Ligand code: 5RP
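In our numbering, the protein residues as written are 4 to 236.
Encoded structure:
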């Protein structure tokens with residue numbers, strides 16, 4: 004059954020609101036990308052503007068950076084030694100072991116960078132994202148343009164069907180990441196061994212980053228109707 008978009012939007016807001024309660028005064032935050040993260044950044048900005056929280060953040064995409072600026076969250080540039088107290092971000096799919104597929108919004112490289120540099124990574128998601136087995140959502144790869152043909156061949160050898168992502172606004176144009184790389188969405192249907200696939204993809208030259216996030220998330224807040232379920236690693 005296709006989920007009702009207004010119900011999904013409401014679940015995303017519930018998950019975002021629940022995540023706000025994990026933020027403490029003075030924290031340095033990694034701000035995620037996508038619609039659930041946008042709901043979180045907006046609520047966080049309201050709390051900052053109301054003087055309820057003093058926080059700083061670094062964003063995982065240019066879109067989230069612009070939003071953070073608009074809502075008044077002070078931003079910190081990347082620098083040596085920078086670590087985040089808390090990362091809050093959405094997911095395209097996650098399983099009960101908190102293994103994730105990310106990158107539907109094309110921000111997987113910066114997301115993985117900042118979430119790896121965080122003490123605690125909290126996932127926020129609507130009820131459709133929690134799945135018994137990863138793989139229905141096509142797995143995104145960020146790829147150096149020159150490497151594209153060989154990456155497509157290598158993904159096929161691993162049993163995936165790769166599709167180069169096109170721009171939403173113009174399907175005749177290829178989608179470009181914030182780093183100006185290409186995105187390849189790989190249809191596997193099921194990923195029985197995510198750790199193995201992650202390892203195999205990481206070894207293919209030309210893949211800058213792959214969208215399986217394993218051993219990174221410490222907890223997830225999954226909204227289901229009005230309820231928010233907490234899953235811990
Ligand atoms: C972007 C991501 C997003 O977190 C993911 O696509 C979830 O998005 P949404 O909150 O809009 O469902 O990984 O690269």
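Glycine included, each C-beta is placed from N, C-alpha and C at the ideal position.
Model, not experiment: these values are computed from the prediction.
Residue environment, residue 218, which counts as buried when at least 16 other CB atoms sit within 10 Å: Here residue 218 refers to the residue found at position 215 when the chain shown is read from its first residue. Around the beta carbon of residue 218, fewer than 16 other beta carbons sit within 10 angstroms, so the residue counts as exposed.
Candidates 193, 179, 203, of which the one nearest residue 137 by Cα: Against the chain shown, residue 137 aligns to sequence position 134. Proximity to residue 137 across 193, 179, 203 peaks at 193, based on C-alpha coordinates.
Distance CB(residue 145)-CB(residue 109) smaller than 9 Å: As a first step, residue 145 is located in the chain shown; it is residue number 142 there, counting from the start. As a first step, residue 109 is located in the chain shown; it is residue number 106 there, counting from the start. It is a contact, given that the beta carbons lie within the stated cut-off.
Any alpha helix (DSSP H) of 4 or more consecutive residues that is wholly inside the segment 135 to 204: With a minimum length of 4 residues, the unbroken runs of alpha helix (DSSP H) contained wholly in the segment 135 to 204 fall at 151 to 160.
Every unbroken alpha helix (DSSP H) within the segment 30 to 86, with a cutoff of 4 residues, ordered by chain: Those alpha helix (DSSP H) runs which fall completely within the segment 30 to 86 and span 4+ residues are 38 to 52, 65 to 73.
Three-state secondary structure assigned by DSSP to residue 100: Within the chain shown, residue 100 is the residue found at index 97, counting from 1. In the structure shown, residue 100 falls within a coil segment according to DSSP collapsed to helix, strand and coil.
Where the alpha helix (DSSP H) through residue 10 begins and ends: Taking the first residue of the chain shown as 1, we reach residue 10 at position 7. In the DSSP assignment, residue 10 falls within the unbroken alpha helix (DSSP H) covering 8 to 23.
Buried or exposed (CB count within 10 angstroms, at least 16 for buried), residue 61: Position 58 of the chain shown, counting from 1, holds the residue named residue 61. By the neighbour-count rule (16 or more Cβ atoms within 10 Å), residue 61 is buried.
Proximity of residue 201 and residue 215 at Cβ, strictly below 9 Å: Translated into the one-based positions of the chain shown, residue 201 becomes position 198. Translated into the one-based positions of the chain shown, residue 215 becomes position 212. Residue 201 places its beta carbon less than 9 Å from that of residue 215.
Residue 61 CB to nearest heavy atom of ligand 1 below 8 Å: The residue given as residue 61 occupies position 58 in the chain shown. Shortest gap from the CB of residue 61 to any heavy atom of ligand 1: 8 Å or more.
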